[in-house]
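Numbering (our numbering), first residue to last: 16 to 297.
Rendered as structure tokens:
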């Protein structure tokens with residue numbers, strides 16, 4: 016007898032997904048699965064030839080063979096949070112007072128239950144070796160290819176990455192850059208801070224998984240669902256979480272589990288998830 020492996024069941028809301036995991040409906044009892052390693056990854060970068068740089072800080076939680084991740088604003092995660100995670104059950108961390116801990120725990124659990132494999136709906140895409148800028152641009156192309164838009168369309172970009180903006184410019188797409196930190200882009204464009212206030216004038220949304228960690232994902236998902244817009248997620252944070260929302264506001268995901276492209280100059284792999292409708296890159 017031949018068994019057929021199906022992609023994991025999809026959910027209609029973030030709260031629903033949490034409830035299902037807590038109840039053990041998607042895999043083993045989370046109270047019986049413990050985090051063995053907790054760590055933070057911090058970096059500062061300015062790509063050669065770029066006039067601006069940025070910093071990243073990511074919480075990582077290891078569950079068996081899986082690593083779950085959630086980005087945080089640099090300097091905001093206390094060392095005590097990392098120490099509290101080691102040896103704790105997933106169930107306990109899903110109730111942690113800090114949202115990034117809850118997101119990383121959820122990501123680790125779902126990565127453990129449904130790793131990024133073709134059987135689970137992932138389409139692997141090799142990321143070639145190269146300099147930090149070369150790899151950043153390669154990832155940006157992989158992400159922006161998931162948008163099915165004609166030139167002249169406008170994209171709300173939540174979580175500003177200059178390589179993503181560059182890739183959109185190359186395709187003749189306009190954009191509204193948005194990030195909670197504000198500031199300006201590499202091209203001195205003003206970065207807005209209120210995504211929902213700008214979403215109405217955009218044709219599609221290109222959104223960082225970091226929105227899971229700061230609580231802004233659900234309103235953006237609901238906006239895309241309500242207005243029938245493409246919502247493409249680029250996900251280091253919550254790479255195993257966001258594919259669960261395909262067809263329920265999310266049209267495509269470019270998932271990048273730890274270790275991320277900016278940690279190593281060698282080749283890597285991205286995992287793209289598609290709905291088979293708008294945003295299906297072929």
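Even glycine gets a Cβ: it sits at the ideal position worked out from N, Cα and C.
No experiment lies behind these values; they were computed from the predicted model shown.
(request) Could you name the residues of the same chain whose beta carbon sits closer than 7 Å to that of residue 210, not counting the 5 residues immediately before and after it, in chain order? (result) 171, 173, 193, 231, 235
(message) Taking DSSP's pairing of strands, which residues face residue 190 in a bridge?
(response) 170
(request) Classify residue 151 as helix, strand or coil using the three-state DSSP reduction. (result) helix
(message) I believe residue 266 touches residue 246 by the beta-carbon criterion, under 8 Å. Please report the beta-carbon distance rounded to the nearest angstrom.
(response) 6 Å
(request) Round the Cβ separation of residue 39 and residue 118 to the nearest angstrom and send it over; I've been treating them as touching at under 8 Å. (result) Not really, about 19 Å apart at Cβ, beyond 8 Å.
(message) Judging by CA-CA distance, which residue of 115, 24, 233, 60 is the nearest neighbour of residue 54?
(response) 115
(request) Give me the Cα-Cα distance between residue 297 and residue 258, rounded to the nearest whole angstrom. (result) Any reading at residue 297 needs caution, since the residue's pLDDT is 30, under 50, leaving its predicted position unreliable; the model's value is listed next. Roughly 18 Å separates the two Cα atoms.
(message) Going by DSSP in three states, residue 257 sits in which element: helix, strand or coil?
(response) helix
(request) Could you tell me which of 51, 84, 151 sits nearest to residue 98, measuring between CA atoms? (result) 51
(request) Could you please give me the residues that DSSP links to residue 71 through a beta bridge? (result) 58
(message) Rounded to whole angstroms, what is the Cα-Cα separation between residue 147 and residue 155?
(response) 12 Å
(request) Can you grab the Cα-Cα spacing for the pair residue 202 / residue 276, in whole Å? (result) 24 Å
(message) In the DSSP output, which residue or residues are listed as bridge partners for residue 245?
(response) 219
(request) Can you check DSSP and say which residues form a bridge with residue 139? (result) 286
(request) Could you name the residues that DSSP lists as bridge partners for residue 205? (result) 199
(request) For residue 91, count neighbouring C-beta atoms within 10 Å of its own C-beta (all shown protein chains included) and say buried if the count is 16 or more, exposed if not. (result) exposed
(request) Please look up how many angstroms separate the CB atoms of residue 82 and residue 251, rounded, as I've assumed it's under 8 Å. (result) With 8 Å as the limit, residue 82 and residue 251 do not qualify as a contact, their Cβ atoms being about 11 Å apart.
(request) From the DSSP output, read off the bridge partner residues of residue 85. (result) 74
(message) Once the 5 residues before and after residue 206 are set aside, which same chain residues still bring their CB inside 7 Å of it?
(response) 175, 192, 193, 194, 197, 198, 199, 200
(request) Compute the Euclidean distance between the alpha carbons of residue 242 and residue 93, then round it to the nearest angstrom. (result) 39 Å
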